[in-house]
Amino acid sequence: MADERTRRISEFIEPLRVRPGRSVRLDRDFDPRQRSKTVRRKKEGRELLQTGIAMLADYQARLAAQDTYGVLMCLQALDAGGKDGTIRHVMSGVNPQGVHVAGFKVPSAEELDHDYLWRYAARLPARGDIGIFNRSHYEEVLVVRVHPELLDRQKLPAESRKKIWHRRYREINDWERYLVDNGFRVVKVFLNLSYEEQRQRFLKRIDVPDRNWKFSAADVKERRRWKDYQHAFNEMLSETSTPWAPWYVVPADRKWFARICTAAILVHTLIEIDPQFPTVDAAALQRLAEARTELATQGPEAGNGSRNHGKRAGHHHRAATV
1 MADERTRRIS
11 EFIEPLRVRP
21 GRSVRLDRDF
31 DPRQRSKTVR
41 RKKEGRELLQ
51 TGIAMLADYQ
61 ARLAAQDTYG
71 VLMCLQALDA
81 GGKDGTIRHV
91 MSGVNPQGVH
101 VAGFKVPSAE
111 ELDHDYLWRY
121 AARLPARGDI
131 GIFNRSHYEE
141 VLVVRVHPEL
151 LDRQKLPAES
161 RKKIWHRRYR
171 EINDWERYLV
181 DNGFRVVKVF
191 LNLSYEEQRQ
201 RFLKRIDVPD
211 RNWKFSAADV
221 KERRRWKDYQ
231 HAFNEMLSET
241 STPWAPWYVV
251 PADRKWFARI
261 CTAAILVHTL
271 IEIDPQFPTV
281 DAAALQRLAE
291 ARTELATQGP
301 EAGNGSRNHG
311 KRAGHHHRAA
321 TV
């Protein structure tokens with residue numbers, strides 16, 4: 001059953017994976033409204049998502065107990081792409097102590113005084129943990145590329161700006177390989193939102209009072225650069241989907257389907273790691289047996305009056321405090 005479930009998950013996410021070396025064109029290669037042949041309706045998706053959440057909880061407990069590997073999931077999307085909702089739903093059943101979400105906004109003066117990967121390295125997950133970058137180091141080849149004035153703030157030497165994007169792709173690939181070699185799996189999810197769906201979500205944020213806070217006039221300003229962002233996404237996906245840190249392009253127009261896909265991708269990553277609960281040696285088992293014997297002799301069924309002793313101790317304690 002477990003092997004069959006693993007096979008189905010693998011087959012489900014395979015069409016979403018960007019094959020290393022592939023030249024990507026989002027408008028040609030990935031449909032934002034795509035659905036699986038096996039999951040056509042939201043009701044079916046709800047049941048599947050709950051299965052994925054349960055599997056995540058199981059694997060995350062093993063990951064934490066083994067304390068050998070860590071997982072970093074990078075989540076990228078345009079505004080209104082559904083990043084926050086995806087994190088909230090997919091990680092809803094996981095122990096919050098083992099999951100850490102980091103969001104990256106405009107870099108501070110201190111961050112700008114370091115190399116561009118410094119602030120991301122500082123928020124990496126520990127062994128046994130799942131870390132989620134809500135936006136990630138890929139902003140350095142996306143928003144910074146679309147807005148070259150941001151590059152000026154990074155105080156780079158003139159020679160470092162030559163062929164900067166291809167150099168950054170190489171540096172990011174090398175950094176991610178370094179992480180994987182040290183036991184930290186890197187999985188990258190791009191929520192692929194259509195131009196029309198983004199418009200509808202922006203309108204909803206404007207028209208529904210409870211969602212007004214989510215909208216900024218800057219969102220519409222960024223939308224005017226749609227083609228520039230698509231070009232940056234195409235090149236990013238083409239240049240940085242590697243065997244050790246693949247990209248998955250998730251159809252994001254249907255939120256429920258995007259959440260299923262993201263959960264399946266994360267589960268698949270954990271299945272590949274296959275973390276196990278630690279086992280103990282013979283000496284430790286002997287100590288466990290001795291501890292159990294001692295604890296068993298302290299129970300009321302042992303007839304040693306421990307229950308009454310507890311009551312008397314409580315009585316004396318209350319008397320002393322009156």
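Just so we're aligned: the sequence shown equals residues 1 to 322 in the UniProt record's numbering. Idealized CB from N, CA, C, for every residue including glycine.
Pairwise C-beta distances place the segment 219-239 in contact with the segment 186-205, as three or more of them are shorter than 8 Å. Under the three-state reduction of DSSP output, A61 falls in the helix class. For R28 and V280, the gap between their C-alpha atoms comes out near 53 Å. DSSP places Y116 outside both helix and strand once states are collapsed to three, so it counts as coil.
Look at P251 here: in three-state DSSP terms it is strand. Taking 7 Å as the cut-off, the Cβ atoms of G52 and A264 count as close. The segment 83-110 is shown to contain whole beta strand (DSSP E) runs of 3 or more residues at 99-103, in chain order. Collapsing the DSSP output to three states places A158 in a helix. DSSP places R201 inside the alpha helix (DSSP H), whose first and last residues are 195-207. Note that the segment 157-164 does not touch the segment 259-277; fewer than 3 beta-carbon pairs, one per stretch, sit closer than 8 Å. By the Cβ neighbour-count rule, E140 is buried, with 16 or more other Cβ atoms within 10 Å of its own. Counting along the chain, the unbroken beta strand (DSSP E) around V189 starts and ends at 184-192. Short of 8 Å from the beta carbon of E111, and not among the five residues preceding or following it, lie these beta carbons of its own chain, in chain order: W118, R119.
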